[in-house]
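S.K.:
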Amino acid sequence: MDKKLLSLLVCPVSKAPLEYREDTQELVCKASGLAYPVRDGIPVMLESEARQLTAEEKLEKK
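Under our numbering, the first residue of the sequence shown carries the number 5, and numbering increases by one thereafter.
(1) Per DSSP, Gln56 is paired with what?
(2) Between Leu50 and Cys33, is the Cβ-Cβ spacing less than 8 Å?
(3) Taking only three categories from DSSP, how would you classify Leu13?
(4) Hey, how far is the Cα of Tyr40 from the Cα of Leu12?
(5) Is it right to say Ser36 is buried, meaning 16 or more other beta carbons lie within 10 angstroms of its own, or is it exposed?
(6) Taking Glu30 and Val14 to be in contact with their CB atoms under 8 Å, please state how far apart those CB atoms are, rounded to whole angstroms.
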């Protein structure tokens, strides 16, 4: 994920910054508790496509 692009993207729900997780190919927002998929290098920034973070994921520090 391009760092410049990542610095421009925010969560569409909370407007908080996102964190890229390469292992799961997701953009994670701790504020909203959502993880947005990255498919073929393209972030899918739709709330309907996001998954809820687990309690453990919300507590993880990266």
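Positions of the beta carbon are idealized from the N, C-alpha and C atoms, including for glycine. Note that the structure is predicted; figures quoted are calculated from it, not measured.
M.R.: So, to answer that:
(1) Leu38
(2) no
(3) coil
(4) 15 Å
(5) buried
(6) Actually they are not in contact, since the Cβ atoms of Glu30 and Val14 sit about 15 Å apart, beyond 8 Å.
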